[in-house]
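K.L.:
My questions will all concern the structure given below.
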Amino acid sequence: MHQSTQIIDARGMPDTMPTITLSHAMREAKVGEILELWSDNSLSQTNMEIWLKNTGQELVSSVVEDNVFKYRIKRVH
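Heads up: the sequence shown begins at 1062 in this note's numbering, then just goes up one per residue.
Spelled out as structure tokens, the structure:
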């Protein structure tokens, strides 16, 4: 299955806004698509863990580059 990647640039967003923005984008994504969330919010690590547990989507990768957290998440359902 072809996997495309959409980048969601949530740098500068406060608190839970990066995962809320991801949730909206995930609703529009097709099963198998990969979304990449960029966030400079230190809470994003905890929020992402909770979001993944609650939604059941798949974390493909997680890296930090230049103080930006970059998460690749695959829509699995």
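Glycine included, each C-beta is placed from N, C-alpha and C at the ideal position.
When DSSP labels each residue in this structure, what does residue 1104 get in the three-state scheme?
P.N.:
As a working note, residue 1104 is residue 43 in the sequence shown. Residue 1104 falls in the coil class under three-state DSSP.
K.L.:
When you compare each of 1073, 1137, 1068 and 1080 to residue 1108 by their alpha carbons, which one comes out closest?
P.N.:
Along the sequence shown, one-based indexing puts residue 1108 at 47. The candidate whose alpha carbon is nearest that of residue 1108 is 1080.
K.L.:
Looking only at C-alpha atoms, which of 1067, 1071 and 1138 sits nearest to residue 1113?
P.N.:
Translated into positions along the sequence shown, residue 1113 becomes position 52. With distances taken between Cα atoms, residue 1113 lies closest to 1138.
K.L.:
Going by alpha carbons, who is nearest to residue 1106 out of 1090, 1078 and 1093?
P.N.:
One-based indexing of the sequence shown puts residue 1106 at position 45. Nearest to residue 1106 by alpha-carbon distance, out of 1090, 1078 and 1093, is 1078.
K.L.:
Between the C-alpha atoms of residue 1130 and residue 1095, what's the straight-line distance to the nearest angstrom?
P.N.:
Position 69 of the sequence shown, counted from the first residue, corresponds to residue 1130. Position 34 of the sequence shown, counted from the first residue, corresponds to residue 1095. Between residue 1130 and residue 1095, the alpha-carbon positions lie close to 16 Å from each other.
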